[in-house]
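This report refers to the structure that appears directly beneath it.
There are 2 protein chains.
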Amino acid sequence: MPSNEGTKQEFSPQYVDLVIVGAGPAGLMMAMWAAKCGIKTKIVDKRGTKIFNGQADGLQCRTLEIFDSFGFGHRAWIESNHMLEICLWNPDKDGIIRRSDRIPDTIPGISRFQQVVLHQGRIERFFLDTIESCSDIRVERGVMPSKMELDESLFEDNEAYPISIRLRHLSEDEATPKQTATSANGTVVQDGLFRSNLAPDDTQELLNGAKLNAKANSEEIVHAKYVLGADGAHSWVREQLGFKLEGDSTDYIWGVLDIVPITDFPDIRMRCAIHSASEGSVMVIPRENKLVRLYIQLTRTEKLGEGGSRADRSKITPETILQSAQRIMAPYKITYRKLDWWTAYQIGQRVGTQFSFGERVFLAGDAVHTHSPKAGQGMNVSMQDTFNLGWKIANVVKGVSDRSILKTYQSERRKNAQDLIDFDHRFSRLFSGRPAKDVMDEEGISMEEFKDAFVKGNLFASGIAVEYGASILVAKPGSSTKQGDGTDVAVHSGLRVISTPSLAPKIELGKRIPSFKVLNQSDARPSHLQELLRSNGRWRVVTFVGDIRDSNQASKLKVLGDKLASPDSFLHRFTPPPPARYDDVFELLVVHNTPRRETTIFDFPPVWHPYDEVDGWDYWKIFVDDESYHEGHGEIFKNLEISSQGCNVILRPDQHVSYVGPMEGYEELDKFFSAFMISPRVTTKAGT
Amino acid sequence: MPSNEGTKQEFSPQYVDLVIVGAGPAGLMMAMWAAKCGIKTKIVDKRGTKIFNGQADGLQCRTLEIFDSFGFGHRAWIESNHMLEICLWNPDKDGIIRRSDRIPDTIPGISRFQQVVLHQGRIERFFLDTIESCSDIRVERGVMPSKMELDESLFEDNEAYPISIRLRHLSEDEATPKQTATSANGTVVQDGLFRSNLAPDDTQELLNGAKLNAKANSEEIVHAKYVLGADGAHSWVREQLGFKLEGDSTDYIWGVLDIVPITDFPDIRMRCAIHSASEGSVMVIPRENKLVRLYIQLTRTEKLGEGGSRADRSKITPETILQSAQRIMAPYKITYRKLDWWTAYQIGQRVGTQFSFGERVFLAGDAVHTHSPKAGQGMNVSMQDTFNLGWKIANVVKGVSDRSILKTYQSERRKNAQDLIDFDHRFSRLFSGRPAKDVMDEEGISMEEFKDAFVKGNLFASGIAVEYGASILVAKPGSSTKQGDGTDVAVHSGLRVISTPSLAPKIELGKRIPSFKVLNQSDARPSHLQELLRSNGRWRVVTFVGDIRDSNQASKLKVLGDKLASPDSFLHRFTPPPPARYDDVFELLVVHNTPRRETTIFDFPPVWHPYDEVDGWDYWKIFVDDESYHEGHGEIFKNLEISSQGCNVILRPDQHVSYVGPMEGYEELDKFFSAFMISPRVTTKAGT
């Protein structure tokens, strides 16, 4: 045991629902959920300040959809550089690089956003601002855990705090490691050219950095219900649990330069994949503020160690990386006067054996998967880990759900990480390999193969294709263990429900619901369906009714409305009594395609326009598929191929589809929720 | 002369380019320009804090375009309530109100924005944040002018400070009048229900309010080149100049309630014009945060004064206003539990005789025009006053333009105010009049006439139709005095240029340029043309070249490029030497319709992709009319009906069109700018 000599002690144990270790993107996404759902949370980071430049970059369209669901998608969209086209450059028959093809960067139609690039410091800023605006959660910097104790006997007790964690406040020196300390061979560019890069809203952050010392070397004890380790590739939390990362590294060595390029290469503002005949490859990622990131294969770096497998990092400098780029991109010229950041790395792919310990301590992000950065996946997949986990923990902490739903985190996300690692493995090989000289050159990479992989990879890389398997949260046929990472997340209570996907073939079970525009019935305002699905921890039941002038549809809606309004409906059983609002746990939405002008909200059963004695009727639950004045016609019924019979759709708080079934299927809805929801009137022991 | 006894004196005269009196929307728009253009500015307001609720509401689409040109349009767009449809309600043959018609609120296609509603406090917040982010200009609150002295002999001296203004720091009591002190009979709702309305980013403002006392009762002297009086209907600055408002008030009395309505009226979230048979009219304006503003005609309020022309305000309360609404909207029921704000007013229309004194002291906003609030014009027209003036003063102060351009402010904006007053007069009569019982009822208002006026009024009310007359800044045929308010703003130097509008019939001289999407040649990113026209004080010359594979067009572009690049071009004569950037005064843009994939920026003359030794080539000057991957095809050549010969277009810094002419017309461009621009190499007397 380490001695505590020389360390001040503070004995004021705190009790919190959640401790988050690490305030990078994965940790902040978790804190974002905690803020929106209102659970008591402590988030610490050993670094003294947030990061200000360099590091991760690409934002997938799914990530932007997620940001938008928390209310800050527009900030990323406005500040970022948008990538529209990928240009493939390859050697011609004389070995000179030529543009051989162009493909759209984001597949048209898959999302209302397209892939963009923005540095991690800004993304952290958006999280911090949004968390601050809706909660009292604040990142405590210069703080790291020194000890974690688990009482496994309390793991299944919802009211218990089975984890105690000792936190140490670092001295200023300890809290300000080199910014790029977690990157292999990274270093901070010292010339200060980019001081202006600091956005004005980061000033306070810098000032706060100076205040760290007051608590330096003191310690505190926190008792927590749940802990998240989002503390990076060298995760302290993972180490405490004794979990391993499995996988391997490759021989491929890459350098990264963030520069303002001076070049006659005509596609420098496009995303480019440049394969030279024999000098390796360059990937061009145009960024904000005139910057361009170049990923440059280093084919001449000497190797060290057994069999020469590890790169000699001492030989890698911005100059040698630039020289590699110049050789690959010749006959075009490229140089720079402004260098913002640089690093180098050796590609490897690893994934954690376990993502949680007893569904009390969870790991996310780099702590459970590492891979090459070029596909722009790292930050996105890390944030999507905790986007998957946050609402589940919040719903359990708040007594809405039982703990069985927490197992789906490992099942869903470990499977996803394995897919990512496989993707990255294939992609890296294609990218780092030498182009084939001709069809007889079997060792080289055929450019047709490369383009094909790029196009397919694009859908994977968008984040839209993520599909969760059958589980207590996804009413899909088949085996939950086979569809996930092997974890058993099936419904064992006899309450299993199976969807009827034929009622809406384009609403794919386990995937996030696609989005088209609908109009609010009451004010004719167009919104994307997804804009209605804010991330606030609520489940949604969306009823696609069709045309209510059809008496058959109208009568099914009335029956459904009556059952929902009944005091023993799942809506009433699982929603806490006031002051909880009628839509605190479930939001009921209707989408219809009666002509907008021929109906009003008062033609719909009252459960879809609830009355509040202070606020009057609720005008934000009924939507219509009709032509808008200024933004076209979303045609959501046609685009989602909704059956003329209509359907009910259950959406998880993360917008993934749990269930599709007939409008007459009220009982299936009830059964689905009954499998894991808790009635608050029982668990709060009111009156005892 | 008032005595200064009891007042502390501070003798530290300051020298500034501009003093702005009043930090409402008109004053803040002026400060916004000053911040973007970098001129030394002091802005004061007698109120101790900004306002937090109530007051003006509607934002026209042109106002949103302007906000967007400063970078905060999206904030207004996201927070506001969007109004899509106007519902007209009229008595049927039995005297019962029925929905008789619907029209789109914003005419489809006229702007990329639509009319929205957001309270003035938020709009002021957006200005304050943006000004703070790009300048050191800060609003000084609790400060009002007490004396202004003008030295007319210095008015034509560009380097002089001909105005001295004495400013008094108020005590806290003086600085916190009732928030609605400027509204007739307004009062603050005291129940605190809407404390939550205070956005978190207003907290600092409230804290600052408490600091006023430190300087209370002290005075300071400021010497200024220019002064703007944006100090409201009771303008102190206007009074000092002895200028009058001319016009009249009417008999119509209206009450205003901002409430969360509890009602079965089905169109309460639409903008509605409701005419009852005999109880008067209601206008419904749905707002943000579930609020609805009701403008309610008060037909039973007793009159006072000679001939009973003034309303007895003591009889007007929220209860009496609500009762009027209930009578008008019967048989529908309406009431409320939450009241955010209320007021009442008697309609009048007045316009100032002069908008400036010697082009040194200017008046804007309510100081020079008042009218009824219902058309949602007041705040918009006020901000557009100073949006017209700000860049002109900045360009004169910076030595880019001579003072002759300043006369166009009165010519352009007084004319606009007169049009507004005429519009409001007609509109108010139609709105406040009793509906006609039948076609024989000549005193009543025919509902066809009303709808027709509404539809026509909508274009006017959008702000898009504003058209400035011939002047030194608009190269249009005809008489400048006849096209403006009578002020002589013609070119007298023999340098008058007349446009060739047939080259682009949809780019109307004197109006703001319409916007369609174009793609950046270098990265394929779609933007609206207007998004490229940021408000930063720069003039733009946009060359619509057509297809550069056509050798005729390519050769005209080359000739134009060579002339622009010549050392004696207007570009070089009027742009200061470095460190000024090549585009500090003029930004040269090209829009072409060569297929995007068949060209690169290096196929264009270098003046459109300037080289900088640190930043490399400029990738943001060449745009293409082509299909985008995700946002359709803007078809700007087709939509603007650009001639196959191409054309040059001069755009003012406020996006209004100065000139349209042939690509071969370099000499016209030169002549146009020579009529009012100043060569910095002469005026800065370098080397002496």
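Residue numbers (UniProt numbering), protein chains in the order written: chain W, 1 to 688; chain G, 1 to 688.
Heads up, the beta-carbon is just placed ideally off N, CA and C, and yes, glycines get one too.
Please read these numbers as outputs of a predicted model, since none were measured by experiment.
For the beta strand (DSSP E) containing residue i, list its first residue and its last residue.
i	result
Glu627(W)	Counting along the chain, Glu627(W) falls outside any beta strand (DSSP E), and DSSP gives it neither H nor E.
Ser249(G)	245 to 263
Arg540(G)	539 to 546
Asn90(W)	85 to 91
For a contact meaning CB atoms closer than 7 Å, what does residue i contact in chain W?
i	result
Asp615(G)	Val260, Lys290
Pro606(G)	Simply none; closest approach about 12 Å.
His82(G)	Arg525
Taking 8 Å as the CB-CB limit, is residue i close to chain W?
i	result
Arg195(G)	Its pLDDT being 33, under 50, Arg195(G) is placed unreliably by the model, and the measurement read from it follows with that caveat. No, Arg195(G) lies away from the interface with chain W (no Cβ there is under 8 Å from its Cβ).
Asp191(G)	Confidence in Asp191(G) is poor, its pLDDT being 33 and thus under 50, which makes the residue's placement unreliable; the coordinate value appears in the next sentence. Asp191(G) does not count as touching chain W.
Pro595(G)	no
Glu442(G)	no
Thr106(G)	yes
With which residues is residue i paired in a DSSP beta bridge?
i	result
Gln14(W)	Val222(W)
Ala233(G)	Ala233(G) is not bridged to any residue.
Lys147(G)	Arg166(G)
Tyr345(G)	Trp254(G)
Phe387(W)	According to DSSP, which records beta bridges pairwise, Phe387(W) is partnered with nothing at all.
Leu589(W)	Val542(W)
Pro526(G)	Leu519(G)
Using a C-beta to C-beta distance shorter than 7 Å, which residues of chain G count as neighbours of residue i?
i	result
Ser522(W)	Arg269
Gln114(W)	His630
Ile78(W)	His74
Arg102(W)	Arg597
Within 8 Å of any Cβ in chain G, is that where the Cβ of residue i sits?
i	result
Tyr619(W)	yes
Lys456(W)	no
Pro505(W)	no
Lys685(W)	Below a pLDDT of 50, predicted positions are generally treated as unreliable, and Lys685(W), at 40, falls in that range; no measurement from the model is reported.
Glu85(W)	yes
Arg122(W)	no
How many angstroms separate the CA atom of residue i from the CA atom of residue j?
i	j	result
Asn197(W)	His592(G)	For Asn197(W), the predicted model reports a pLDDT of 43, less than 50, meaning its position is unreliable and no value from the coordinates is stated.
Ala504(W)	Leu669(W)	16 Å
Thr343(W)	Phe427(W)	21 Å
Gly494(W)	Ile472(W)	11 Å
Tyr242(W)	Gly27(W)	Note on identity: in this sequence residue 242(W) is Gly, with Tyr being the wrong assignment. For Gly242(W) and Gly27(W), the distance between alpha carbons rounds to 20 Å.
Pro662(W)	Gly469(W)	21 Å
Ile131(G)	Gly390(G)	14 Å
Trp254(W)	Gln297(W)	4 Å
Asp452(G)	Tyr252(G)	22 Å
Val541(G)	Arg540(W)	52 Å
Gly358(W)	Pro286(W)	43 Å
Glu156(W)	Arg403(W)	8 Å
Asp547(G)	Gln530(G)	22 Å
Ser674(W)	Ala394(W)	18 Å
Please compile the residues from chain G whose C-beta is within a distance smaller than 8 Å of the C-beta of residue i.
i	result
Phe516(W)	Residues of chain G passing the Cβ test: none, with the nearest at roughly 14 Å.
Listing by chain order, which chain W residues have their CB less than 8 Å from the CB of residue i?
i	result
Phe602(G)	Asp264, Pro266
Lys407(G)	Going along chain W, no residue has its Cβ under 8 Å from Lys407(G), so there is no contact; the nearest lies around 38 Å.
So the alpha helix (DSSP H) residue i belongs to, where does it begin and stop?
i	result
Tyr409(W)	407 to 432
Ala76(W)	73 to 79
Ala34(G)	25 to 37
Thr320(W)	318 to 329
How about residue i: is its Cβ closer than 7 Å to a heavy atom in the ligand MG?
i	result
Val351(W)	The ligand MG is absent from the structure shown, which contains no ligand whatsoever.
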